[in-house]
Structures are given as structure tokens and as C-alpha cells.
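Asker:
In the working numbering, the protein residues as written are 136 to 531.
Structure, rendered in C-alpha cells:
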């Protein structure tokens, strides 16, 4: 049962309470085939869904006649294999199709308002859901090569590709004097990337890995509600791919875990400091997110053509194990995030690309004393500052 109140902070006709009973069914079969030189995993997923409502024959042509929704049946094949090249090297491949049902709030939004279309279409910016909207589709490929370069040291290279189609979006419809926005399967996108992984596997005292990803995420839009907010119709809707807001071209991480068993550590009299401990340190460096700049003429520049400053952070976790009764033990530890207390911007002012300086006329207001110097302070423009979490655990 899907029960929700839409936009409760707004007055009628935007607020709506509804209850619907959509149905979803899914099933999956998989087979694993093993040879001395290859392992194959093959699977097939089945999905069926029905929103159990009704919609116009064409969501772009409002009519008094409503047609009940029908079942949507989807098949998603999956295939993966690992092929032994040498005693220490393997080649891997993966392919799959994945579906995701639309959000039900996009399906049922203002559906009950169709009973009085004259009143509904006379409201500012009417938005109506679409019970006949289809599931979103992702087609994924992955190729990988792994080899042991030294004892317990492994190098891996993985190339991957994802194509997004039939994505849910909003589109403004104009029919005569009527203007409204509805949901359609219009948006699309893609993501391509390469992962490089160097890993130290087994080890009594030390394990760790280095990982670097180069990727590009493109799409015609980042926000499925952009068509509603920007009043985009079939003529003005984006028709070319641009960088997505979640694109991070470079993504680097280094992770190290140090374990000190009993009887090891720094000698201190008859005691070993740091024995029975585990320390984990993680370093992260990521490209900043793209954003759309505002130019000197106060017009928006090319979509997502500029990028925020990169993000650097370091985290640490420490655990001390103390034996208590029998096989039970107590764990004392802490987790520290952003050890260096670096100010990592996650939002910027689009005129300047700076998280603190709004630029333009807003900056002049401050210089002329018309606004306080703290008026544009935005602490939420930065990621979390350094923090410590201490904990006590008992393991049985």
C-alpha cells in the first residue's frame, strides 16, 4: 500500500493525500558453471509491475477518457565469467540489464485532481503524475584484468560502461490554452570509466590498497524535475548530453590496516604498547562537482561547465581488544573523520565558484554597508568538520 501526503506545506490544490495499491513481482534464476580454466555465472531476472490506476491514452493529450494501466513485464539477462590466463592472472567480463521502477510519487502526483480538469488546469504550474510511465533501464558492461605481481600483491584494471535510457523526466505540455507538466520517459545518459587497483591482500600485520578511478558521467539532465522547474516543453527540453552533477572525473583513495597481535608492539617494561590493536587509515582525493556558472551579464553559462574545488580528506579508526571472560572480549575504540579538519566545499556561489564570496551585486551590498559581512555566510557550503566518535563494544 502506497500512502502519502504530497506537498503538505502548500495549500490546495497542490496538497494531496492519496492511497494506492500498486503491485510488483520479481523472480531470478542463476546458474554457475565451473571449468578448470573458467567460471561462468548466468542469470535471468523477471519483473512485473502494475500501478493499478488509469491515464489518458497519450499523457500529452488530456482527455475525459481514462484507460486503466496494464501490466509491464521485463526480462533482465545477466552474464559474467572469469577466465584463467596464467597461474596468477585472470580476465573477467560482466554484462547485465537492470530496471528500476519509477517513484510512486511521480506516478500518482495529483492524479485525483483530474476529476475536475477545469479547476486543476487553471491553477498556476499544474503538475500531474503518469501511472503509465515505464521502468528506467540501465545496460552495464565490465571488463577486467587481475594479476598477482608479487606474493600477496595484486594489480587490477577494470573498464566499465553504463547506458541509462527510458529515464523518468518532467515535460511541459501545451494544448490550446491548457498548460501543464507531466512525467514521461525521456531522459537518458551514460557513464564510462576505468578503475586501477593495487592491493596488499593477506598479511599478519598489514593489509591495504590503492584505488584510482577515471570516469565521465554524461546525461541530458541531472534532475528529473528540471522540466517542471524550467517549464521545458518538447522544443526546449535538452537534446544533448552534458556533465552530470554527480560526475567526479578523478577519484583516488588509499586504505591501510595495521594489526598488532598479542606480544607485538612497542616494548614498555614487560608490556607491549599497542598489542591487540587494529588501526585503519583512509586517504581520499576526489574531483569537485560540476556546476553551472553565472556570467558577467548575469546569464547562466553552459550547463555544468565549471567545477568546484577538489575534496581531500583523511579518516582514522582505532580498536583495542581486551580479553575478559572465556572467549569474550571488550573493544575500546574511536573513529575520527576529517583528521586534518580541512574545509572541503560542497556548494559554491555560481558567480565566483567560491563557497564564501557571492560576487556581483551581492558583494557590492556588503562593501557599501547595505548588508552585514556575515549575511552570505553559508556553513552548509562545506563538508563536515573534524569529528571524533568513541565507542565500547563487547564481543561474545
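Glycine residues also receive a C-beta, built at the ideal position from the N, C-alpha and C atoms.
Computed from a prediction, not measured in an experiment: that's the story for all the values here.
(1) Relative to the C-alpha of residue 341, which candidate in 394, 388 and 290 has its C-alpha closest?
(2) Determine, using beta-carbon pairs with one atom in the segment 399–412 and one in the segment 371–390, whether at least three such pairs fall under 8 Å.
(3) Using 8 Å as the Cβ pair cut-off and three pairs as the minimum, do the segment 331–339 and the segment 212–221 touch?
(4) What is the DSSP secondary structure of residue 528, reduced to helix, strand or coil?
(5) Have a look at residue 435 and residue 377 and give me their C-alpha separation to the nearest angstrom.
(6) Does DSSP classify residue 442 as helix, strand or coil?
(7) Measure the alpha-carbon distance for residue 318 versus residue 495 and round it to whole angstroms.
(8) Can you find at least 3 beta carbon pairs, one from the segment 519–529 and one from the segment 469–478, that sit closer than 8 Å?
(9) Just list the residues that DSSP pairs residue 280 with in beta bridges.
(10) Taking 8 Å as the cut-off, decide whether the C-beta atoms of residue 241 and residue 303 are in contact.
(11) Any idea what DSSP makes of residue 254, helix, strand or coil?
(12) Using 10 angstroms around the beta-carbon of residue 326, count the other beta-carbons present and answer buried if the total reaches 16, otherwise exposed.
(13) I believe residue 244 touches residue 190 by the beta-carbon criterion, under 8 Å. Please report the beta-carbon distance rounded to the nearest angstrom.
(14) Nearest-angstrom Cα distance between residue 231 and residue 212?
(15) Note down, one range per segment and in chain order, each beta strand (DSSP E) of at least 3 residues found wholly within the segment 360–422.
(16) Use the C-beta contact count for residue 527: other C-beta atoms within 10 angstroms, 16 or more gives buried, fewer gives exposed.
(17) Is residue 187 helix, strand or coil by DSSP?
(18) May I ask you to report which of helix, strand or coil DSSP gives residue 175?
(19) Whole angstroms are fine: how far does the CA of residue 204 sit from the CA of residue 258?
(20) Where does residue 305 land, buried or exposed, given buried means 16+ other C-beta within 10 angstroms?
(21) When the Cα atoms are used, what is the spatial distance from residue 311 to residue 504?
(22) With a CB to CB cut of under 8 Å and the five nearest residues on each side skipped, what residues in its chain are close to residue 350?
(23) So what's residue 259 in DSSP terms, helix, strand or just coil?
(24) Determine the direct distance from the alpha carbon of residue 412 to that of residue 454, and round the result to whole angstroms.
(25) From residue 489 to residue 420, what distance separates their C-alpha atoms?
Answerer: On the basis of the supplied data:
(1) Check the Cα spacing between residue 341 and each of 394, 388 and 290: the tightest is with 394.
(2) Touching, no.
(3) With a cut-off of 8 Å, the segment 212–221 and the segment 331–339 do not count as touching, because too few Cβ pairs lie within range.
(4) The three-state reading of DSSP puts residue 528 in strand, counting E and B together.
(5) Straight-line Cα distance between these residues: approximately 15 Å.
(6) It is a strand residue.
(7) One C-alpha to the other measures close to 37 Å.
(8) These segments touch.
(9) In DSSP, residue 280 forms a bridge with 226 and 292.
(10) In this structure, residue 241 lies near residue 303, with their beta-carbon atoms less than 8 Å apart.
(11) Of the three classes helix, strand and coil, the one that applies to residue 254 here is helix, per DSSP.
(12) Looking at its Cβ environment, which holds 16 or more other Cβ atoms inside 10 Å, residue 326 is buried.
(13) Not confirmed; about 12 Å, so no contact.
(14) If I take the Cα positions, the gap works out to 6 Å.
(15) Here the runs fully enclosed are 385–395, 401–403, 406–408 and 412–421.
(16) Taking all protein chains in view, the Cβ of residue 527 is surrounded by fewer than 16 other Cβ atoms within 10 Å, so the residue is classified as exposed.
(17) Three-state result, residue 187: coil.
(18) Residue 175: strand per DSSP, three-state reduction.
(19) Approximately 27 Å, taken between the alpha carbons.
(20) In summary, residue 305 is buried, with 16 or more beta-carbon neighbours lying within 10 Å of its beta-carbon over all protein chains present.
(21) Their Cα atoms are separated by approximately 50 Å.
(22) Here the set comprises 326, 327, 328, 329, 382, 383, 384 and 386.
(23) It is coil, neither helix nor strand.
(24) Taking the Cα positions, residue 454 is about 6 Å away from residue 412.
(25) Their backbone Cα atoms lie some 19 Å apart in a straight line.
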